[in-house]
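Quick mapping for you: the protein sequence lines, in order, are chains A and B.
Under our numbering, residues 75 to 820 are what the first sequence spells out, in order.
Under our numbering, residues 75 to 820 are what the second sequence spells out, in order.
Protein chains: 2
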Amino acid sequence: MDPQTLFWLVPAASLIALLFAAIFFFNMKKADEGTDRMKEIAGYVREGAMAYLKQQYKVVAIFFVIIAVVFGVMAYFGLQNNIVPVAFLTGGIFSGLAGFIGMKTATYASGRVAEACRDEHDGLNRGLKLAFRSGAVLGLTVVGFGLLDISAWYLILDNTGLVQGEGVSKLVEITTIMLTFGMGASLQALFARVGGGIYTKAADVGADLVGKTEFHFNEDDPRNPATIADNVGDNVGDVAGMGADLYESYAGSILASAALGAAAVASAHGTAEQGLQMVMAPMIIGAVGAILSVLGIFIVRTKQGATQSQLMAALNRGINFSGVLIALAAAGVLYLLGIENWLGLWGSIVIGLVVGILIGKVTEYYTSFEYKPVKFIAENATTGPATVIISGIGVGMISTCWPVIFIVLGTIGAYLCAAGGLEFSSANLSMGLYGIGIAAVGMLSTLGLTLATDAYGPISDNAGGNAEMSGLGESVRSRTDALDALGNTTAATGKGFAIGSAALTALALLASYIEELKIAAGRLGDADITLSLFSGPVGKGAEVATWDIATFMSKFEVTLMNPKVLLGIFIGAMLSFLFCGLTMNAVGRAAKRMVEEVRSQLADKDVLEGRKKADYARCVGISTQGAQREMIIPSLIAVVVPILTGLFMGVAGVFGLLAGGLAGGFVLAVFMANSGGAWDNAKKFIETGDAPFCGKHTPIHDASVVGDTVGDPFKDTSGPSLNILIKLMSMVSIVTAGLNIVFSLL
Amino acid sequence: MDPQTLFWLVPAASLIALLFAAIFFFNMKKADEGTDRMKEIAGYVREGAMAYLKQQYKVVAIFFVIIAVVFGVMAYFGLQNNIVPVAFLTGGIFSGLAGFIGMKTATYASGRVAEACRDEHDGLNRGLKLAFRSGAVLGLTVVGFGLLDISAWYLILDNTGLVQGEGVSKLVEITTIMLTFGMGASLQALFARVGGGIYTKAADVGADLVGKTEFHFNEDDPRNPATIADNVGDNVGDVAGMGADLYESYAGSILASAALGAAAVASAHGTAEQGLQMVMAPMIIGAVGAILSVLGIFIVRTKQGATQSQLMAALNRGINFSGVLIALAAAGVLYLLGIENWLGLWGSIVIGLVVGILIGKVTEYYTSFEYKPVKFIAENATTGPATVIISGIGVGMISTCWPVIFIVLGTIGAYLCAAGGLEFSSANLSMGLYGIGIAAVGMLSTLGLTLATDAYGPISDNAGGNAEMSGLGESVRSRTDALDALGNTTAATGKGFAIGSAALTALALLASYIEELKIAAGRLGDADITLSLFSGPVGKGAEVATWDIATFMSKFEVTLMNPKVLLGIFIGAMLSFLFCGLTMNAVGRAAKRMVEEVRSQLADKDVLEGRKKADYARCVGISTQGAQREMIIPSLIAVVVPILTGLFMGVAGVFGLLAGGLAGGFVLAVFMANSGGAWDNAKKFIETGDAPFCGKHTPIHDASVVGDTVGDPFKDTSGPSLNILIKLMSMVSIVTAGLNIVFSLL
């Protein structure tokens, strides 16, 4: 079938996804909001969340304007295509909008979920469905806006005179321009993850340290002044932040694959038809995935009075159903597109899907109290907090082994399938890298559904908070707790998925960095290309643009014995740690201010005994300010270091930086997410009473609470922020590729 | 001057160093041992330490025999020179012997230092000198044996018929064979660091958790059954382990530089004279450093009744004096050798010396309570143990920034100085890499003295233990405490130095891996060279042996876009974490057994109240068994993974693995060492009473003790073990280089 015809699936899928997002949103709005007290609580959370988001978008807007101006100047000097500054903005705006809508939905939904749970007959089921479909609004908005942005720009660039050229070379130009759109999404994601992460954990740690540890309050006790901020944080970090993170991976993987596909055909001197097939494949697979995700959402339903494990099964049914359908449909798409090696590429896609699932399973193994690692940490609570921390760090570090092995085997598999052979060589490098990109697309094709289960978590968590604060009684709270427990499992899997997809996406972005350099060099035509302050010319621009990847790497000496590459790897690995350290301390500082505020409010006997309402707004304000203030420096580092590295150490240094940052960041992110998750559940295990050493407010439980508190910034601030770091550094290098070669003009 | 004549400085320096080691040892033995109780305590520690070391050497011996047999088989099939199995053993034996002598000295010395401190008039000064000169036994033994091993093998290989060839190519062959000797030292160091690290921290954590936290004993309270094991641990980990670690760096940096120097001259088609100059330079600089270190040791003396800061100044005077003299002498050596670019190489050496000092200073900044970071952690103790941990991890992660920047700038500087230009290019690559190696030699040239200050720490720590357990009274204990405090400062600096030198040494080893591959390929002559199971032939052996580094890297596709390289980097980074996680958990498990033992002994009222002697031997046994059992798996991983990576992913994969392991391991090691050190001193800061929140046994102090306990395995087990991991993986790859190409024979 004609690829151009099939392309229309992309905007169609985008509209379908957005349509169903709207339907789920308005259906949710129709549900009953419950008692006045419930409305009041939900109102606090909603106001706090929206106030924060507005504040964040203000800061982000300033950054975006500055960078758009810089890009404009670069474009004026021929270092970038003129469209980039505008496209950069649309990426950022759509990503922000998806987060905004998702979060708005979540804050409307949670009170209503609590209300649904009050139904004595069908509460659990009604709550599940409402929470899940509200979560689906985020999933479908992210996917819908992503596909909309991609298809709109493709149509504009293909059909107007903005891009010159013919055939494959036009495709290469279009796709490499489109790739730079991802930068906007990336930057937006950075602020959402870092700012949101700091917000949520400052509130959480602050609320726990005083409320739980000093006063032995329960979670979400309305007397605790930080409790609203804590609930706001769930939305800000886990809904808006997670959405922006995966929006970036989603768009990034599709765009990088398209660029790699066009480049692969160009370097093999293929036809325009073949080029179009390669460019269309990732987009259409994304589109098909979006449509089938909607179907999967409708599968998630359960009979009345279902048990917990039946609920889990209902959720899994939806995910498995869509996954299998997408895998089958992908084969059809590739075949219909007329791609010669359609079976091989299909293999790459299936590998991506499977790796995503496997990483999720490993994450579950290391963070669920069904298994040995968490039980081991819980046992270590019997000898106090120090051994809880030591064992948690040990478990987290060991847990990095399998995800790396899966990524390594998956990448090798995806490469070889796409390359259609059992050997790595410079001849099949382009196609192999395309295979890695398309594996990332495969992994992310279920995103509409995966994100729905992710966003489901904080919604049901907040529903529980609402129930507690509104004093809804034990039976309602037990139902919201059940929903929340389900959410904890999906959250752990979701985090593994987010990291895994970030790694594959970043690998694809790293590969497409070369294409950007070639395009930038080509634009300079006769000029000598010099790629850092301290290097001699490597060739004329027009010549550099024609080199294949292997030639390129060898001419630029991007080999491992070039000290610039080795040292770049050092800097990249260090940057992951620096970034984490800064965000850890940011949480520490903001949490300290929160602790002081909560302590001073609870010093008032009337507040402590519930006769006087706590001042929630002050705590919300502290988290908001803390997040805003603290997110600036880590964000600047992520943007500035790749540019400076390029300036002084050239392309070789940048490659080292990206590789070191990617590998170091991935491993560190897995460690932090899994340690954090394991501590959280070790505490829960001790609370369940199934452990031989159980019960709240014992010294053993107190020791496990220390682990949980340390784990908070691990798993919800620093760890997830690394997902963005590894993608953003590649994006910054891609977008500023032209800057690297500006020195040839001096 | 004739390099061959100057060479005799090397064995001469070796004998001088060993002679003074013997003098210091016998002088120490002459000192008074003190009361019967003091002798008894010292006896327990000595017996425990020797029993452990014997046990460890038994396990190590089994490994060594197995590996020597494997090497013998490899040599039989032409995959390795016949001398390697024997040389492998001498490296291991000398390294083990140096550790043994150093530790024996330390266990004899500490009781005598306590006795010296009983002198009311001159106790502090006498104690300092005795402890320092006893520490110097380790420093001089390491340096002496290192130079002895190197010079003996050089003489044997140069003067017998064991190595064929003429001129430069003979030098290349000799130096690459000698390089493989380092493997023995490396493996010995691994067991010493990992086993010793597990031993010492299992004892320390176990002693603290029950003794300090549950029963509020003081450090070294004789009622605590784990206290002897704790004192043994200091010797096992910080003396024997540190000595073996630096023996390896010392020998490794000299051997790698010699190999790189010969290779650089060979690739520039230089004369045999030039080759000899390059090969001799690192050896002779090591020799001059050894002699001047002895001089520096004699400078460390102080007038009677000196204050603490005067003592520190006395120590620094010795170090600075030797450092400056060595720098000057190095210029003379290079000039006398007749090296053309002697000034440039001298620059590389000075850079190495300066980087070592700078990394030490940064370590001090992040781990001393004179400065902001530790105070910040101490403040965080006011909000409980969780914030102590969060802030300590934050500080440790941030602290990785400067050491990486220093290593990066130092490496660039050393490269450019040696290469004699301001540009990196494939033409000056060989000389530049030689510059990196010689910078490592420069950094380590003061080792005799640096190790003396390192070993001084545990000796004075044990002296304090002896004083406490023998009930020597407050005034003696205050003097031993003063000596101990001095030791804590030098320990932090020493750790930074150990990591920094490991990184530079590993960089040099990585570079010399290529030379090993070329020699191995050359040995196969006409055979097709295939460097992994999944790759096609790259050329005939004889041809491969002639390639320069740039050609080599490009033919083997060791570029950053080769997925095997990228994935190797992932595996390398992951391995550092896995290795740390395993050792962390090993400490956790062994400490748990210790806690149970101590608790059960203290359940006896008579033991608790000091009427019945605690059973120290059981605790010593638990630590010994724990260390032996737990060190096997991490050690196997370090040896096996590089071999497997080579098998499946070839040379490209191995390069990635080494680079990823080096960068990831270095950053992780700095993080762990500094976090651990900072926690330790945050606790001490709170104990001093200078903090606004001070005093023992308050909740704030308890919170800081949690940090200190978590920090124990960070800074004394996992962190330092990484030093070995990054060097050993290179060593394993170097020694098994021939294995990589065996596939060409299949």
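Glycine included, C-beta positions come from ideal geometry on N, C-alpha and C.
Item: Quick one: does residue 508 of chain A have its CB under 9 Å from some CB of chain B?; Value: no
Item: Taking only the alpha-carbon atoms, compute the straight-line gap between residue 473 of chain A and residue 746 of chain B and give it to the nearest angstrom.; Value: 18 Å
Item: In chain B, which residues lie with their C-beta within 7 Å of the C-beta of residue 628 of chain A?; Value: 628, 633
Item: Let's test the definition: count the other Cβ atoms within 10 Å of the Cβ of residue 690 of chain A and tell me whether it reaches 16, buried, or not, exposed.; Value: buried
Item: Roughly how far, in whole angstroms, is the beta-carbon of residue 43 of chain B from the beta-carbon of residue 751 of chain B, given that I think they are within contact range, below 8 Å?; Value: The structure shown does not extend to residue 43 of chain B, since chain B spans only 75 to 820, so no value can be given for it.
Item: Taking just the CA atoms, how far does residue 590 of chain A sit from residue 241 of chain A?; Value: 18 Å
Item: If we count the other Cβ atoms within 10 Å of its Cβ and call it buried at 16 or more, is residue 801 of chain B buried or exposed?; Value: buried
Item: I think residue 654 of chain A touches residue 300 of chain A, with their Cβ atoms under 8 Å apart; what is that distance to the nearest whole Å?; Value: At roughly 24 Å, the Cβ-Cβ gap does not stay under 8 Å, so residue 654 of chain A and residue 300 of chain A are not in contact.
Item: By the three-class DSSP mapping on this structure, what secondary structure does residue 600 of chain B have?; Value: coil
Item: Is residue 497 of chain A helix, strand or coil by DSSP?; Value: coil
Item: Comparing alpha-carbon positions, which option in A/114, A/706, A/748 lies nearest residue 543 of chain A?; Value: A/114
Item: Determine the closest residue to residue 19 of chain B out of B/394, B/235, B/179, with distance taken between C-alpha atoms.; Value: Summary: the structure shown does not reach residue 19 of chain B, with chain B confined to residues 75 through 820, and so no result is reported for it.
Item: At 7 Å on the CB atoms, spell out the chain A contacts of residue 51 of chain B, in chain order.; Value: Outside the displayed span of chain B (75 to 820) sits residue 51 of chain B, for which this structure offers no information.
Item: Between which two residues does the alpha helix (DSSP H) carrying residue 169 of chain A extend?; Value: 158 to 191
Item: Helix, strand or coil, according to DSSP, for residue 614 of chain A in the structure here?; Value: strand
Item: Can the beta-carbon of residue 701 of chain A be found closer than 9 Å to that of residue 130 of chain A?; Value: yes
Item: So residue 550 of chain B and residue 279 of chain B are in contact, right, with Cβ under 8 Å, and what is the actual spacing, rounded?; Value: Actually they are not in contact, since the Cβ atoms of residue 550 of chain B and residue 279 of chain B sit about 27 Å apart, beyond 8 Å.
Item: To the nearest angstrom, report how far apart residue 219 of chain B and residue 284 of chain A are at their CA atoms.; Value: 58 Å
Item: State the start and end residues of the unbroken alpha helix (DSSP H) segment that holds residue 413 of chain B.; Value: From DSSP, residue 413 of chain B is part of no alpha helix (DSSP H); its letter is neither H nor E.
Item: For residue 633 of chain A, list the residues DSSP reports as bridge partners.; Value: B/633
Item: Please report the distance separating the alpha-carbon of residue 450 of chain A from that of residue 393 of chain A.; Value: 31 Å
Item: Kindly indicate the opening and closing residues of the alpha helix (DSSP H) around residue 797 of chain A.; Value: 793 to 809
Item: For the candidate residues B/302, B/504, B/313, whose alpha-carbon lies nearest to that of residue 697 of chain B?; Value: B/302
Item: Scan the stretch 661 to 732 of chain A and note each continuous alpha helix (DSSP H) run of 4 residues or more that stays entirely inside, going in chain order.; Value: 679 to 682
Item: Please decide whether residue 500 of chain B counts as near chain A, where near means a Cβ-Cβ distance under 9 Å.; Value: yes
Item: Please classify residue 546 of chain A: does DSSP put it in a helix, a strand, or coil?; Value: coil
Item: State yes or no: is the beta carbon of residue 458 of chain A nearer than 9 Å to at least one beta carbon in chain B?; Value: yes
Item: Using 8 Å as the cut-off, can you tell me whether the stretch 175 to 194 of chain A makes contact with the stretch 249 to 264 of chain A, which would need three or more C-beta pairs spanning the two stretches below that distance?; Value: no
Item: Have a look at A/612, A/680, A/585 and flag the residue whose alpha-carbon is nearest the alpha-carbon of residue 499 of chain B.; Value: A/612
Item: So, does the stretch 488 to 496 of chain B touch the stretch 161 to 178 of chain B, judging by three or more C-beta pairs under 8 Å?; Value: no
Item: State the start and end residues of the unbroken alpha helix (DSSP H) segment that holds residue 353 of chain B.; Value: 346 to 373
Item: Hey, which unbroken runs of the alpha helix (DSSP H) at 4 residues or more fall wholly within the stretch 256 to 319 of chain B?; Value: 256 to 281, 301 to 307
Item: How many angstroms separate the CA atom of residue 567 of chain B from the CA atom of residue 373 of chain B?; Value: 20 Å
Item: Taking 8 Å as the limit between beta carbons, can you name the residues of its chain near residue 92 of chain A, skipping five residues before and five after?; Value: 214, 215, 218, 219, 222
Item: Assign residue 530 of chain B to one of three DSSP states: helix, strand, or coil.; Value: helix
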